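Everything below concerns the one structure shown next.
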Amino acid sequence: MTQGVILPGATLGVLGGGQLGRMFVHAAQTLGYFTAVLDPDADSPAGRVSHHHIRADYEDTQGLDELARLCAAVTTEFENVPASALRTLAQRIAVSPDAHAVAVAQHRAREKAHFVHCGVPVAPHAVIESPAQLAAVDAALLPGILKTATLGYDGKGQARVQTPAELAAAWEQLARVPCVLEKRLPLSLECSVVLARGRDGTVVSLPVQRNLHRNGILAVTEVFDGNLPQTITQQALAAAESVARGLAYVGVLCVEFFVLQDGSLVVNEIAPRPHNSGHWSIDGCDVSQFELQVRAMTGLPLAAPRQHSPAVMLNLLGDLWFAHSASAATPPWDAVLRLPGAHLHLYGKREARRGRKMGHLTLTGATPEAARATALQAARILGIDAF
Ligand code: ATP
Ligand code: MG
417 MTQGVILPGA TLGVLGGGQL GRMFVHAAQT LGYFTAVLDP DADSPAGRVS
467 HHHIRADYED TQGLDELARL CAAVTTEFEN VPASALRTLA QRIAVSPDAH
517 AVAVAQHRAR EKAHFVHCGV PVAPHAVIES PAQLAAVDAA LLPGILKTAT
567 LGYDGKGQAR VQTPAELAAA WEQLARVPCV LEKRLPLSLE CSVVLARGRD
617 GTVVSLPVQR NLHRNGILAV TEVFDGNLPQ TITQQALAAA ESVARGLAYV
667 GVLCVEFFVL QDGSLVVNEI APRPHNSGHW SIDGCDVSQF ELQVRAMTGL
717 PLAAPRQHSP AVMLNLLGDL WFAHSASAAT PPWDAVLRLP GAHLHLYGKR
767 EARRGRKMGH LTLTGATPEA ARATALQAAR ILGIDAF
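Here the sequence shown stands for residues 417 to 803, where the numbers follow the numbering used here.
In structure tokens:
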């Protein structure tokens with residue numbers, strides 16, 4: 417359903433109650449909207465800060481009905497929300513991104529086909545859904561990474577394989593679910609683009625973000641002039657825009673890229689929502705990725721974000737709670753907050769677990785060197801490996 421601009425005072429809904437939903441709720445409430453979160457967890461980070469929390473499964477008809485009754489528009493923070501739920505809602509209220517875009521992002525094989533269709537380079541790969549496809553895999557794809565086609569995140573549902581025998585064993589281990597085998601590429605660095613596309617096709621984007629992953633999880637994002645070669649930033653922005661245009665996308669989209677050792681750019685994957693690598697925009701930009709999400713879904717103007725401060729973002733994983741003891745201990749936030757330009761964001765998760773995203777810390781500075789130096793100090797205080 418399409419409609420006119422949805423002005424503050426209306427209620428906006430989000431499917432999913434994690435930290436992305438929580439920061440969406442904060443941005444929506446700042447602009448004067450009421451919010452509704454649909455998430456089965458009684459204690460979800462977003463549910464606890466929202467005006468309404470519908471505690472129901474994503475396919476629960478009653479829950480979706482209540483969401484549609486409360487809200488003027490709905491978005492998602494969780495990419496594995498069933499496309500059917502988005503389709504049901506779209507019959508009654510504005511839904512962005514739409515079911516089709518989310519369905520493409522949910523499935524690595526469809527996602528890769530879309531990139532190819534847009535003329536954007538992807539890693540050499542093969543779809544493995546049957547023993548015949550497994551047997552037919554080109555040896556040139558090895559060593560490779562076998563990834564489940566759906567439900568992977570933070571490096572989960574992936575196996576590194578060197579030989580055809582290891583590949584066969586890994587597929588067995590993944591219960592023979594549909595997978596994509598990707599050739600392991602020689603990366604020189606990783607980067608991402610967060611953009612917002614409006615109903616009228618207007619596109620605005622955050623500056624290209626340079627990302628460091630550890631153990632398949634984003635660890636550090638750095639955004640300032642000179643963080644990446646200019647040819648890369650230009651290519652990445654153009655590729656991200658064409659991926660969004662090809663989906664007739666409405667909302668915030670993240671496109672993740674690899675830069676190879678030969679300097680070429682390869683698209684990795686997309687997320688149909690704000691992304692961890694864009695969190696720095698809350699503190700380093702005049703418009704955050706979450707405000708862009710609100711603006712895109714309501715049909716408000718998409719003002720181009722302006723970065724006002726060089727920024728470095730450190731992810732705060734549950735491991736930090738165990739840096740000095742076997743039982744969970746609160747990290748020394750007071751020491752971190754003594755640093756100039758330190759912006760602490762904790763997601764209100766009650767239990768710290770290793771590998772769990774508990775929050776992030778953005779360090780801003782007058783210069784890239786200042787932001788980086790403070791980030792290194794913060795990392796030292798918290799026991800995060802230097803970068
Ligand atoms: P998320 O959704 O949290 O970003 P994910 O589980 O979907 O992660 P990917 O983005 O596919 O996982 O991969 C995680 C990381 O593994 C990448 O950021 C990159 O560091 C490495 N990686 C993935 N694919 C390749 C590849 N083909 N060659 C080399 N490294 C890779
Ligand atoms: Mg990824």
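Where is the CB? At the ideal position from N, CA and C, for every residue including glycine. From a predicted model like this one, the values you see are computed outputs, not experimental measurements.
Closer than 8 angstroms to some heavy atom of the ligand ATP: that does not describe the Cβ of N643.
Fewer than three beta-carbon pairs drawn from the segment 710 to 719 and the segment 750 to 769 are found closer than 8 angstroms, and the two stretches are therefore not classed as touching. Taking 9 angstroms as the cut-off, the beta carbon of R626 is found closer than this to the beta carbon of V639. Each of E588, D457, H469 and D699 was checked against the Cα of F450, and the nearest Cα belongs to H469. Look at P580 here: in three-state DSSP terms it is helix.
Here R769 has G734 as same chain residues with Cβ atoms under 8 angstroms from its own Cβ, once five neighbours each way along the sequence are excluded.
Straight-line spacing of the CA atoms in A515 and S500 works out to 7 angstroms.
Following the DSSP letters along the chain, one finds Q625 inside the beta strand (DSSP E) bounded by residues Q625 to R630. Straight through space, the alpha carbons of G429 and G771 are spaced by roughly 28 angstroms. A direct Cα-to-Cα measurement between C701 and H442 gives close to 16 angstroms. Around the beta carbon of S466, 16 or more other beta carbons lie within 10 angstroms, which makes this residue buried.
G781 is not a Cβ neighbour of S697, given a cutoff of 9 angstroms. By alpha-carbon distance to P690, the top candidate from W587, E493 and S460 is E493. Between A510 and G433, the alpha-carbon positions lie close to 19 angstroms from each other.
In this structure A525 is buried. Its beta-carbon is surrounded by 16 or more other beta-carbon atoms within 10 angstroms.
A straight line joining the alpha-carbon of L583 with that of P540 spans about 16 angstroms.
Between V668 and A612, the beta carbon gap of about 5 angstroms places them in contact (Cβ cut-off 8 angstroms). P747 counts as buried, since at least 16 other C-beta atoms from the protein chains shown sit within 10 angstroms of its C-beta. Annotation for E685: the continuous beta strand (DSSP E) segment containing it runs L681 to A687. Here the distance from the Cβ of R722 to the nearest heavy atom of the ligand ATP is not below 8 angstroms. Excluding its 5 nearest sequence neighbours in each direction, H761 has C-beta neighbours in its own chain below 6 angstroms: G775 and H776, listed in chain order.
Taking C-beta separations shorter than 6 angstroms and ignoring five residues to either side along the sequence, the partners of D473 in its chain run P456, following chain order.
Taking C-beta atoms under 8 angstroms as the contact rule, G715 and V490 fail to qualify, at a distance of about 14 angstroms.
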